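Only one structure is covered here, and it is reproduced in the block below.
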Amino acid sequence: MSISFAQTWYWFVLGCVISYFIGCFNFAVLISKLKHKDIRQQGSGNPGTMNMSRTFGWKIGLINFLCDALKGIIPVMCGHLIFAGMYFENTAFAVSDLSRYLFGLCAVIGHVFPMTMRFRGGKGIATTLGVFTCGVTCEVGWYFPIAFALLVGVVIYIYVFEWGSMGSLIGVSGFTIWQGIIFFLRYQNMLQNGYVIAAFIILFAYNVITWLAHRVNLYKLMGGEEHRTSIKKMIHKKKAEN
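Take the sequence shown: its position 178, counting from 1, is numbered 178 in the working numbering, and each next residue is one higher.
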């Protein structure tokens, strides 16, 4: 089925707006308040998975990660299912290849810059990883073990080297390169098409947003002042509390 962007643009706008507000919902703040604390006043003050893990232990951190990842998964699945089997008019470009990552990007923007929290949100890693894990597997199911292995690789990196921010950014970059290669192979005969270029720009935007959100961490890392993220301490801390 062929569709014209000029005649359906409002559906993309609506999807972007809804995705943004999905991203604005911050689970870290909600969960921490259920624990009678405000995560924004604990540790680094960042309302995200890493700070939740350091403050409440790895189990709460994992719950928070899955909830934030879901904020990326929902828009991606909607973008995929709504436009499944559709192509932009006079092209061989699948609409869902653009819509799922466009909607996912808006969810990440909502998480990092939520208007409900004066545009001061988390750093977008869990939501971005949710976007890419779903984005690369929703069409090809057997990609999931590879995506899961990449996520495990990020955890192993953080466990061994204890650089949470760098491990997270490596994961985002790894997923971006993977999806970029898929798009390149799929559309190698039409790389100058506007929709293909837009898809690559959107993929690049994920890295711009997440790396900029971690700029302070990167400065501290280069200056030797970055706080380490010790998964071992998170586990032992929880055991001591029990």
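Glycine residues also receive a C-beta, built at the ideal position from the N, C-alpha and C atoms.
Owing to the predicted nature of the structure, the values given are computational and were not obtained by experimental measurement.
- Would you say Thr-49 faces chain D, with C-beta separation under 8 Å as the test? Structure shown: chain D not included; a single protein chain is present.
Rounded to whole angstroms, what's the CA-CA distance from His-80 to Cys-106? Just pull it up for me. Residue mapping note: residue 80 aligns to position 80 of the sequence shown, counting from 1. Residue mapping note: residue 106 aligns to position 106 of the sequence shown, counting from 1. Using only the alpha carbons, I get a separation of about 15 Å.
Per DSSP, Ile-39 is paired with what?
As a working note, residue 39 is residue 39 in the sequence shown. For Ile-39, which the question treats as bridged, DSSP gives no partner whatsoever.
Notebook entry, point to check: Taking just the CA atoms, how far does Ile-125 sit from Leu-212?
Noted result: Indexing the sequence shown from 1 puts residue 212 at position 212. Indexing the sequence shown from 1 puts residue 125 at position 125. So the alpha carbons of these two residues sit roughly 12 Å apart.
message = Tell me the DSSP secondary structure of Tyr-143 in three-state form.
response = As a position in the sequence shown, residue 143 is number 143, starting the count at 1. Looking at Tyr-143 - three-state DSSP - the assignment turns out to be helix.
Checklist entry - Mind checking whether Asn-51 and Ile-39 have CB atoms under 8 Å apart? => result In the sequence shown, the residue the question calls residue 51 occupies position 51. In the sequence shown, the residue the question calls residue 39 occupies position 39. It is a contact, given that the beta carbons lie within the stated cut-off.
Point to revise | Residues of its chain near Ile-132, where Cβ-Cβ distance is below 6 Å and the 5 sequence neighbours each way are ignored | key: Residue mapping note: residue 132 aligns to position 132 of the sequence shown, counting from 1. It is Phe, not Ile, that sits at residue 132 in the sequence shown. So the qualifying residues of the chain are Phe-175.
Do Phe-12 and Lys-35 have their CB atoms nearer than 8 Å?
The sequence position of residue 12 within the sequence shown is 12, counting from 1. The sequence position of residue 35 within the sequence shown is 35, counting from 1. No.
Query - Assumed close pair Gly-122, Gly-48 - CB separation to whole angstroms, cut-off 8 Å - result: For this step, residue 122 is matched to residue 122 along the sequence shown. For this step, residue 48 is matched to residue 48 along the sequence shown. Rounded, the Cβ-Cβ distance is 4 Å, consistent with contact.
Item to check | Residues of its chain near Phe-27, where Cβ-Cβ distance is below 7 Å and the 5 sequence neighbours each way are ignored | outcome: Residue 27 sits at position 27 when you count from the first residue of the sequence shown. Same-chain partners within the cutoff: Asn-64, Cys-67 and Asp-68.
Note to self: Relative to the C-alpha of Ile-170, which candidate in Tyr-159, Ile-201, Asn-207 and Phe-21 has its C-alpha closest?
What the structure shows: Translated into positions along the sequence shown, residue 170 becomes position 170. With distances taken between Cα atoms, Ile-170 lies closest to Asn-207.
* Within 10 angstroms of the Cβ of Asn-189, are there 16 or more other Cβ atoms? Answer buried if so, exposed if not. => Stepping through the sequence shown from its first residue, residue 189 is reached at position 189. Exposed is the call here.
To the nearest angstrom, how far is it from the Cα of Leu-150 to the Cα of Tyr-157? The residue labelled residue 150 in the question sits at position 150 within the sequence shown. The residue labelled residue 157 in the question sits at position 157 within the sequence shown. Rounded to whole angstroms, Leu-150 to Tyr-157 spans 10 Å at the Cα level.
*Within its chain, find whatever has a CB closer than 7 Å to the CB of Thr-210; leave out the 5 residues flanking it on each side and keep chain order.*
Position 210 of the sequence shown, counting from 1, holds the residue named residue 210. Answer for Thr-210: Lys-123, Gly-124, Ile-125, Thr-128, Leu-169 and Val-172, listed in chain order.
* Does the pairing of the stretch 75-89 with the stretch 134-152 give three or more beta-carbon distances under 8 Å? -> yes
**Q.** Assigned secondary structure, Ala-94 (DSSP; H/G/I helix, E/B strand, else coil)
**A.** For the purposes of this step, residue 94 is taken as residue 94 along the sequence shown, with counting starting at 1. If DSSP states are grouped into helix, strand and coil, Ala-94 belongs with the strands.
Using the three-state DSSP reduction, which class does Ser-2 fall into: helix, strand or coil?
Reading the sequence shown from its first residue, position 2 is the one you call residue 2. Strand, per DSSP.
| Assigned exposure category for Lys-33 - 16 Cβ within 10 Å defines buried | Here residue 33 refers to the residue found at position 33 when the sequence shown is read from its first residue. With fewer than 16 other Cβ atoms within 10 Å, it is exposed.
Checklist line | Distance between beta carbons of Gly-23 and Phe-130, contact taken as under 8 Å | finding: Reading the sequence shown from its first residue, position 130 is the one you call residue 130. Reading the sequence shown from its first residue, position 23 is the one you call residue 23. Checking the displayed sequence, the identity of residue 130 turns out to be Gly instead of Phe. Not confirmed; about 11 Å, so no contact.
Note down the Cα distance separating Phe-183 from Phe-200, rounded to an integer number of angstroms. Along the sequence shown, one-based indexing puts residue 183 at 183. Along the sequence shown, one-based indexing puts residue 200 at 200. Each residue's Cα considered, the two are about 8 Å apart.
- Message: Taking the alpha-carbon of His-214 as reference, which of Ala-84, Phe-21 and Gly-164 has the nearest alpha-carbon?
- Response: Position 214 of the sequence shown holds residue 214. The option with the nearest alpha carbon to His-214 is Gly-164.
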